[in-house]
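Before any comments, here is the structure.
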Amino acid sequence: MRVSDVMTGFPAYIRLGATIRRAAEVVSVSEVGQLMVLDHEGRFVGSLSEEDLVRAMLPGFDDVTEGGGTLADAFRLFLERGRTLAERVVDPLVVRDAATVKPTDELARAAIVMIDRGIRRLPVVDDGKLVGTLSRADLCRAVIYHS
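Start counting the sequence shown at 317; every next residue gets the next number (this note's numbering).
Below, the structure is given as structure tokens:
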């Protein structure tokens with residue numbers, strides 16, 4: 317079985333230069349934990365996880381203790397930092413050396429890469445173009461419907 321047999325064909329993505337606000341909106345609407353990132357010619361560049369977005373907005377320990385040290389203070393700082401960073405571009409947060417697979421790759425190979433590297437969603441790239449993604453849920457569907 318090939319990756320193309322079970323991949324998601326219309327992945328959630330953003331382009332380089334998008335704001336952190338836009339990335340958070342796309343994550344929220346698409347309900348995926350990882351966005352694919354394309355350049356302005358539509359070529360795959362890397363990925364951006366919701367974890368990367370949240371981590372960028374989280375206050376540091378020193379910030380929290382200076383603010384009083386309570387959970388309420390930490391959340392207030394989180395919101396303030398989110399507002400401050402909202403219009404910055406995502407480019408510095410993009411993981412550019414992301415593991416990828418081709419649509420013609422064996423599904424078993426992709427599954428091994430995902431498990432070995434702890435990846436939840438793999439970009440499926442053909443000749444530099446993003447053609448889909450392969451998630452752990454896609455792997456589970458393959459087992460259910462193709463076994």
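Ideal placement from N, C-alpha and C gives every residue a C-beta, glycine not left out.
Residue pairing from DSSP leaves Leu409 without any beta-bridge partner. The continuous alpha helix (DSSP H) containing Thr400 extends over residues 387-401. By the neighbour-count criterion, in which a residue is buried when 16 or more other Cβ atoms sit within 10 angstroms of its Cβ, Val322 is buried. Straight-line measurement puts the Cα of Val353 at about 17 Å from the Cα of Ala372. For Asp432, the enclosing alpha helix (DSSP H) covers residues 423-433. Pairing Leu446 with Leu364, the inter-Cα distance amounts to about 14 Å. The continuous alpha helix (DSSP H) containing Arg452 extends over residues 452-462. When the alpha-carbon of Pro327 is set against those of His462, Asp454, Ala458, Tyr461, the nearest one is in Asp454. The straight-line gap separating the alpha-carbon atoms of Val410 and Glu357 is approximately 17 Å. DSSP, read as helix, strand or coil, puts Arg318 in strand. Bridge partners of Ser363 according to DSSP: Met352, Val411. Only exposed fits Ala388, as fewer than 16 other CB atoms lie within 10 angstroms of its CB. When the beta-carbon positions are compared, Arg437 and Gln350 come within less than 8 Å of each other.
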